[in-house]
Every structure is written in C-alpha cells, then in structure tokens.
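Visitor:
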C-alpha cells in the first residue's frame, strides 16, 4: 500500500470537509458545550447549592454514587464532591460524543459526498488501489476526530483544574479513568463512527441521510452514561479497556465489510 497515495486521498477529503459548514459549526458548538460550559457549570454547583436551604447531604448524594467510588468520595468535603463525582467520573462517557459525531460527519462527507458531487466516476479511474482509496478516506475521517477529541480533552482539563482550584486546592484532573477513555476508547469509537458510516453509505444517497443514520450510534454513549449514573455499571479503567477492545473488534468486522462495499465494482454500480 502506497502511503503517499493514501495521504493524498485523505488530504482531498479533508479539503472538502473544511468547506462543510455543518462539520465546522458542529465541531465548534460541541467544543464550547463539552469542554468549557459543562465544567464551568459543575464547578459552580457548590456555590449555587450553598445558597439554597435544601443543600443535599452526603447521604443523599451517595445514593447515586457507584459503590466502587464511595471510599474515595467519603474523603471529600461537600463542596468537592459534585466536582469530582460528575466531572471526574459520571460524565466521562459523554465526552465520547465528540469523536463519534465528528468522525460520522467527516465520513458521511467522504463516502456519500462523492455521490452528491458526482465525482465517483473520477474516483474509479484513479491509479490508487481499492484498499488505498478506502484507507485514505478512513484516515481522513478517524484521525481528525481523534485529534479533535484530544484537543478538547486538554481544554477540558485546564478548565476543570482552573475553575475548580478555589474548591479543590490542587490539580486533581485527569483521573486514571480519563486516560484510558481518551487513549484507548476514543480511537475505537472514532473508528466505529467511520466504519458504520461506510455501511450506511451504501444505502443512502445524500450527506444528511448518512449523517442522521449514523447519529443513532450516540445511543451507545447514552447507554454508558445512564448505566454509570444509575449504578448499572462502573466504568473503571479495566472495564473501559474491555469496552474499547470490544469496539475495536466490531470495527474490524465493519471495516472488512466496508472494504468490499468500497470496491471498484461496487462503485461503478453506483455511478
């Protein structure tokens, strides 16, 4: 496989994505909400709660804390508790929405966009092999999504520690859970968004149809979030490692099918 050809295909698709206002606007909005607004709001919760007559007690808050976290939370004072609980643990799965959504947007543009722009015929007659074309498009979709998630993780870490400093008195974030989430699970989720979109692209004809269909994958993230909030599962580093491994296994299967779908014979049938 010629890496130069793969990179050329990826660069072409990335140029198209930069012209897509939905991708750019969506990325900015998600960054503001998840990396800035959410941690700022949570770090102000102790001050807001202190001004109310019915400030929750530790016993009330403990009812939603996974048993595995109780020992850690008992070492925190009431002001520190919501910051560590929500920003450090319970909301962690929500951050996976970032790479998943961006990967789905870019992949929808890269795969289905060729149909809308009527450029499939030119793609068929390029000197690149089927695998090189497919790899270039996957690279153009997954790599920016992972980089985007990591950049937002860095912003989130700064906001959490700076905004929470008056209460925490130390740099406490990121926790071990977050390192596994970002370095292991995030690439798996981004690849899942791409590989699922490849399969969807064979059934739809427009960018918006592909993007809306792939958006259903967000339900997986919501399941992890709600499962942790309601105590069904606790996303420890080990559990996250296993979840990431499961995602990668699914990715491998979907990509295997995706390569067949993106073969030249299939592309010609779509022209």
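In this note's numbering, the protein residues as written are -9 to 261.
Heads up, the beta-carbon is just placed ideally off N, CA and C, and yes, glycines get one too.
CA-CA distance, residue 241 and residue 179?
Guide: The C-alpha of residue 241 lies about 9 Å from the C-alpha of residue 179.
Visitor: Three-state secondary structure (DSSP) at residue 131?
Guide: helix
Visitor: Near residue 96, what residues of its chain come up, given a Cβ to Cβ distance below 7 Å and the 5 sequence neighbours on each side ignored?
Guide: 7, 13, 130, 131, 134 and 135
Visitor: Using the Cα positions of residue 146 and residue 18, report the straight-line distance between them to the nearest angstrom.
Guide: Residue 146 and residue 18: Cα-Cα distance of roughly 14 Å.
Visitor: For residue 25, collect the residues of the same chain with a Cβ closer than 7 Å to its Cβ; drop the 5 residues on either side in sequence, then sort them by chain order.
Guide: 142, 145, 146 and 149
Visitor: To the nearest angstrom, report how far apart residue 188 and residue 93 are at their CA atoms.
Guide: 11 Å
Visitor: Does DSSP put residue 220 in a helix, in a strand, or in coil?
Guide: Coil at residue 220, not helix or strand.
Visitor: Alpha carbons only, please: which of 139, 80 and 2 is nearest the one belonging to residue 99?
Guide: 2
Visitor: Using a Cβ distance threshold of 8 Å, determine whether the stretch 66 to 86 contacts the stretch 151 to 170, with at least three qualifying pairs required.
Guide: yes
Visitor: Whose C-beta lies closer than 7 Å to the C-beta of residue 195 among residues of the same chain, with five residues either side of it excluded?
Guide: Scanning its chain for C-beta atoms nearer than 7 Å, with the 5 sequence neighbours on each side dropped, one finds around residue 195 the residues 105, in chain order.
Visitor: Would you check if there are 3 or more beta carbon pairs closer than 8 Å linking the stretch 203 to 211 to the stretch 58 to 72?
Guide: Segments in contact, no.
Visitor: CB residue 200 to CB residue 102, shorter than 8 Å?
Guide: Cβ distance < 8 Å, so residue 200 and residue 102 count as in contact.
Visitor: Does residue 201 come out as helix, strand or coil in the three-state DSSP assignment?
Guide: helix
Visitor: What three-state label does DSSP hand residue 10 in the structure shown?
Guide: Residue 10: coil per DSSP, three-state reduction.
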